[in-house]
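There are 2 protein chains.
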Amino acid sequence: MTKPSLPQGMRDFSAETVRKRNYIFNNIQKAFELYGFEPLETPAMENLETLLGKYGDEGDKLIFKVLNNGLNDPKNIDKATAGFAKVLEGKNTTELTERALKYDLTIPFARFVAMHHGQLTLPYKRYQMQPVWRADRPQKGRYREFTQCDADVVGSKSLLNEVDLANIYHHVFTGLGLKGYALHINNRKILAALAQICGGDLMTITVAIDKLDKIGEEKVMFELKENGLNDQQRKTISSYLNIIGSNADKLDALLKLFPSDAMAMEGIAEIKFISEKLPEVNLILDPTLARGLNYYTGTIFEVKAPSEVKIGSIGGGGRYDDLTGLFGVKDIAGVGISFGVDRIYDVLEEMNLFPPDLQKGLQVFFMNLGEKEANVSYNILQQLRGAGISGELFHEIAKMDKQLKYADKKSFQFAVIIGSQELQTGQAVVKTLSTGTQEKISFENILTFIKT
Amino acid sequence: MTKPSLPQGMRDFSAETVRKRNYIFNNIQKAFELYGFEPLETPAMENLETLLGKYGDEGDKLIFKVLNNGLNDPKNIDKATAGFAKVLEGKNTTELTERALKYDLTIPFARFVAMHHGQLTLPYKRYQMQPVWRADRPQKGRYREFTQCDADVVGSKSLLNEVDLANIYHHVFTGLGLKGYALHINNRKILAALAQICGGDLMTITVAIDKLDKIGEEKVMFELKENGLNDQQRKTISSYLNIIGSNADKLDALLKLFPSDAMAMEGIAEIKFISEKLPEVNLILDPTLARGLNYYTGTIFEVKAPSEVKIGSIGGGGRYDDLTGLFGVKDIAGVGISFGVDRIYDVLEEMNLFPPDLQKGLQVFFMNLGEKEANVSYNILQQLRGAGISGELFHEIAKMDKQLKYADKKSFQFAVIIGSQELQTGQAVVKTLSTGTQEKISFENILTFIKT
Chain A
28 MTKPSLPQGM RDFSAETVRK RNYIFNNIQK AFELYGFEPL ETPAMENLET
78 LLGKYGDEGD KLIFKVLNNG LNDPKNIDKA TAGFAKVLEG KNTTELTERA
128 LKYDLTIPFA RFVAMHHGQL TLPYKRYQMQ PVWRADRPQK GRYREFTQCD
178 ADVVGSKSLL NEVDLANIYH HVFTGLGLKG YALHINNRKI LAALAQICGG
228 DLMTITVAID KLDKIGEEKV MFELKENGLN DQQRKTISSY LNIIGSNADK
278 LDALLKLFPS DAMAMEGIAE IKFISEKLPE VNLILDPTLA RGLNYYTGTI
328 FEVKAPSEVK IGSIGGGGRY DDLTGLFGVK DIAGVGISFG VDRIYDVLEE
378 MNLFPPDLQK GLQVFFMNLG EKEANVSYNI LQQLRGAGIS GELFHEIAKM
428 DKQLKYADKK SFQFAVIIGS QELQTGQAVV KTLSTGTQEK ISFENILTFI
478 KT
Chain B
28 MTKPSLPQGM RDFSAETVRK RNYIFNNIQK AFELYGFEPL ETPAMENLET
78 LLGKYGDEGD KLIFKVLNNG LNDPKNIDKA TAGFAKVLEG KNTTELTERA
128 LKYDLTIPFA RFVAMHHGQL TLPYKRYQMQ PVWRADRPQK GRYREFTQCD
178 ADVVGSKSLL NEVDLANIYH HVFTGLGLKG YALHINNRKI LAALAQICGG
228 DLMTITVAID KLDKIGEEKV MFELKENGLN DQQRKTISSY LNIIGSNADK
278 LDALLKLFPS DAMAMEGIAE IKFISEKLPE VNLILDPTLA RGLNYYTGTI
328 FEVKAPSEVK IGSIGGGGRY DDLTGLFGVK DIAGVGISFG VDRIYDVLEE
378 MNLFPPDLQK GLQVFFMNLG EKEANVSYNI LQQLRGAGIS GELFHEIAKM
428 DKQLKYADKK SFQFAVIIGS QELQTGQAVV KTLSTGTQEK ISFENILTFI
478 KT
């Protein structure tokens with residue numbers, strides 16, 4: 028028998044971790060509901076066709092594909108064999124794997140909207156908090172199963188949505204105690220103008236700039252050179268990437284860099300509109316922010332964790348003008364944001380920001396000191412549970428030491444002791460475990476005593 | 028472009044359904060916590076090896092297997108090709124699929140306990156509420172992704188655990204309004220005694236009896252004949268299956284059927300012990316209850332929905348003496364129960380038992396009647412949201428009709444109207460949408476007005 032283990036990049040969450048994660052989820056969910064977003068859940072599996080081609084070639088490789096069932100059925104063998112040959116050639120095919128695990132929440136959401144757009148009240152505002160799966164190489168802070176929390180609005184081009192979404196970030200992160208967060212903002216229209224001026228391809232430039240944090244400017248420039256951008260073009264990009272100062276300084280610099288480009292002007296005006304409505308938010312205009320996904324068309328957001336922790340991005344999102352167009356339904360504009368829950372967890376842990384009372388234990392522990400005694404204890408316990416008080420009777424007759432050790436490990440608040448003597452007098456010993464004080468309480472008054 | 032769709036047996040849950048499902052989850056979770064169980068979450072994917080052979084041959088076929096990534100890497104091709112050949116022969120192999128989606132919550136839990144048994148405080152009581160996946164043929168009430176809610180105790184042989192678990196069922200089902208539920212109970216020791224008396228194999232008999240509800244006694248008897256049981260043996264089983272009457276009558280009949288069998292006596296005594304401690308629970312001793320899974324060794328439970336709905340089992344569980352033994356860790360006894368959430372959902376729907384206020388809408392809707400007006404409205408809205416009141420400002424300037432139609436669809440409670448006139452007077456029109464009444468409220472008093 029092999030020793031049991033977990034697949035790489037997969038995690039078990041025990042009670043303490045579940046409670047901490049739920050604390051984050053609850054904070055995010057409350058904000059989403061406060062801002063008028065409604066829940067949606069989509070299944071773990073999608074048709075592979077729904078996902079392929081939506082995340083770039085690299086993304087396609089990271090999709091977990093689910094083997095078709097019944098491949099040994101004679102009527103399936105030929106198709107499966109053809110599919111397997113394609114897989115060995117590194118080609119995408121649904122012949123062997125019709126289904127796959129979802130890679131993010133955005134594409135399943137777009138698929139949902141495309142399927143139901145006739146019945147939805149637009150603008151449709153949904154939130155979704157579910158796991159996604161990626162066959163990435165596991166490393167610190169990166170897992171193969173992780174939970175995304177997304178909020179999107181579709182069916183509205185209004186920038187008020189961007190304002191709401193930025194305020195949701197502010198609400199959640201200040202609520203979690205992360206006052207030092209920074210919300211970076213940029214606009215794809217500005218990047219498109221940059222590409223136009225340079226004569227380069229928007230995606231090439233976006234993909235290169237997106238790596239700036241990881242590989243540095245020198246390597247970005249090298250990549251752009253490899254992609255055919257000449258000295259002059261690279262110089263423009265370099266001066267763009269080196270715009271610094273306050274948000275107002277940066278807006279000025281951008282206006283100078285694109286003196287009469289209509290597309291750039293639009294992008295700049297959008298940033299201005301949004302930032303003026305967000306006096307409380309720590310908004311940072313960041314020309315180097317690009318975001319790799321190619322469906323963004325306007326505002327892009329990214330949230331950085333407080334600089335004292337070296338964790339980087341803890342959320343991001345942006346505006347897309349035609350996401351459902353991927354599924355044949357045109358002209359449904361949208362904008363959305365995502366929270367990186369696993370990263371946020373690491374930040375709160377490192378900054379010691381989880382509230383201590385998340386891990387509060389059970390309320391009442393009943394000792395088990397004999398068959399008759401246990402019967403009486405269990406009846407009182409059921410009375411307490413009926414009144415919403417959590418508790419346990421020790422599962423077997425055992426020495427008091429052993430029982431108290433268990434009560435201690437599970438952090439009970441009270442211990443109720445009913446032995447043969449207490450059975451006779453009708454009075455239990457009730458011990459407050461944090462202080463060690465104890466009192467005699469008649470059986471019928473235990474509920475009232477615990478309640479108060 | 029193909030029309031977007033969902034894989035067979037998969038479901039999207041929109042807001043109304045999510046809220047109803049959460050209502051069920053919350054009720055179950057509260058009961059689990061009340062009885063001292065702690066949360067655990069395990070990943071969607073397990074090593075295929077962990078799952079294979081745990082659910083019988085039929086179960087193995089229904090496991091969703093995840094294709095290994097990087098099969099076209101030269102160093103993987105040989106292994107993958109060998110694996111693919113085995114798959115086409117209908118054999119189990121991990122060469123093509125090292126990972127699989129979890130099929131239930133019990134085996135991943137056993138795997139977790141086997142990995143961590145040294146660090147756990149025993150008895151370890153955990154609950155787990157997560158989706159599982161089975162490649163079953165989809166049909167009404169049976170999906171390929173569905174959520175299980177399990178509670179298990181490991182490290183204790185005490186029957187008090189069975190009593191607690193039965194009380195959890197009672198607590199949850201009465202809490203959900205399902206007073207007509209019935210908790211069927213039997214004991215594998217009695218079935219083992221039956222097998223011994225008949226000279227038949229326990230699993231053969233269990234598997235056959237388990238089908239009684241679906242195929243009827245005649246076909247069960249035919250299956251037993253096919254499996255080599257003679258007339259006399261089948262007669263004994265038939266008289267066992269036809270034990271009727273009150274629980275006391277049935278206990279008497281069982282005592283007569285197994286006059287001096289130690290194993291049967293143990294099973295009967297266990298049922299007696301448990302039932303005496305459950306005066307409130309609608310417990311039905313059911314000799315025909317067998318449950319297919321072969322790891323059960325003592326008590327077995329099954330919950331039937333109220334008879335007015337034809338939905339059948341909505342939960343089940345039982346005692347197993349050596350679940351972690353499958354993973355090399357011996358002597359950790361346990362007992363657990365499971366809730367069939369999808370079935371419970373159907374029952375509540377059919378009996379109209381979901382509370383109407385689950386679907387309460389948002390609180391405050393602000394009309395958008397101009398740029399300046401919207402600015403003022405948004406500031407007030409942010410004040411309300413800061414005080415925990417949910418609301419929205421309409422995303423764009425539009426006709427009042429259009430805006431009110433949206434507010435109606437999303438079931439807001441109040442509409443706040445700030446047009447150019449209200450901007451001058453500093454008083455908004457606040458409309459209570461359920462009654463149609465409206466009042467003028469000064470901007471600074473809107474929060475107080477809505478709160479009260």
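Residue numbers (the numbering used here), protein chains in the order written: chain A, 28 to 479; chain B, 28 to 479. Beta carbons: idealized from backbone N, C-alpha and C, even for Gly. All figures in this text were calculated on a predicted structure; none of them were measured in a lab.
- Unbroken beta strand (DSSP E) runs of no fewer than 3 residues, entirely contained in the stretch 182-222 of chain B, are found at 209-214, following chain order.
- Residues of chain B with a Cβ closer than 7 Å to the Cβ of R126 of chain A are, in chain order, P34.
- One finds P150, S183, S185, L187 and N188 in chain A with Cβ atoms closer than 7 Å to the Cβ of H422 of chain B, taken in chain order.
- Distance from the CA of Q260 of chain A to the CA of R164 of chain A, rounded to the nearest whole angstrom, comes to 35 Å.
- Between the stretch 196-214 of chain B and the stretch 322-331 of chain B, the count of C-beta pairs closer than 8 Å reaches three or more; the two stretches touch.
- Under the three-state reduction of DSSP output, Y322 of chain B falls in the coil class, being neither helix nor strand.
- By the beta-carbon neighbour count (other beta carbons within 10 angstroms, threshold 16), E73 of chain A is buried.
- Rounded to the nearest whole angstrom, the C-alpha separation of P314 of chain B and T263 of chain B is 13 Å.
- The way I'd put it, the stretch 140-148 of chain A doesn't touch the stretch 63-80 of chain A; fewer than three beta-carbon pairs between them come closer than 8 Å.
- Per DSSP, the unbroken beta strand (DSSP E) holding L420 of chain A starts and ends at G418 to L420.
- Taking C-beta atoms as the reference points, R153 of chain A and E60 of chain A fail to come closer than 8 Å.
- Counting along the chain, G294 of chain B sits inside the alpha helix (DSSP H) bounded by residues A289 to E303.
- The beta-carbon separation of G319 of chain A and D237 of chain A, rounded to 5 Å, stays under the 8 Å limit for a contact.
- For F354 of chain B, the nearest beta carbon of chain A is closer than 8 Å to its own beta carbon.
- One finds G63 in chain B with Cβ atoms closer than 7 Å to the Cβ of L389 of chain A, taken in chain order.
- The criterion of a C-beta distance shorter than 8 Å is satisfied by N95 of chain A and A107 of chain A.
- Unbroken alpha helix (DSSP H) stretches of 4 residues or longer found wholly inside the stretch 114-175 of chain B: 133-143, given in chain order.
- Secondary structure at F52 of chain B: helix, using DSSP grouped into helix, strand and coil.
- In the DSSP assignment, Y372 of chain B falls outside any beta strand (DSSP E) and lies within the alpha helix (DSSP H) extending over V368 to E377.
- Against chain A, the CB of G418 of chain B has a partner CB under 8 Å away; the residue lies at that interface.
- By the C-beta criterion, the stretch 396-409 of chain B is judged not to be in contact with the stretch 218-237 of chain B, since fewer than 3 inter-stretch pairs fall below 8 Å.
- Secondary structure of F285 of chain B (DSSP, three-state): coil.
- Contact residues of the stretch 101-115 of chain A toward chain B are I104, A107, T108, F111, V114 and L115 (C-beta to C-beta distance below 8 Å).
- Straight across, the Cα-Cα distance linking L79 of chain B with N119 of chain B is about 8 Å.
- With three or more CB-CB distances shorter than 8 Å, the stretch 177-192 of chain B counts as touching the stretch 359-367 of chain B.
- Close to chain A, meaning a Cβ-Cβ distance shorter than 9 Å, are the following residues of the stretch 44-71 of chain B: T44, V45, R46, R48, N49, K57, A58, E60, L61, Y62, G63, E65, P66, L67, E68, T69, P70 and A71.
- M142 of chain B reaches chain A at K30, P31, S32, L33 and D39, counting residues in chain order whose Cβ is nearer than 9 Å.
- For E172 of chain A, the C-beta contacts it makes with chain B under 9 Å involve P70, A71 and M72, in order along the chain.
- Taking a Cβ-Cβ threshold of 8 Å, none of the residues of chain A is close to F200 of chain B; the smallest such distance is about 15 Å.
- Classified as exposed, D428 of chain B has fewer than 16 neighbouring CB atoms from the shown chains inside 10 Å of its CB.
- Beta-bridge pairing by DSSP links I270 of chain B to no other residue.
- Judged by their CB atoms, F52 of chain B and M156 of chain B are nearer to each other than the 8 Å cut-off.
- Looking only at A:L221, A:V443, A:I195 and A:K387, the smallest Cα-Cα distance to T464 of chain A is reached by A:V443.
- Annotation: E85 of chain B to H422 of chain A spans about 36 Å, alpha carbon to alpha carbon.
- As a beta-bridge residue in DSSP terms, R346 of chain A pairs with A:V362.
- For M72 of chain A, the enclosing beta strand (DSSP E) starts and ends at M72 to N74.
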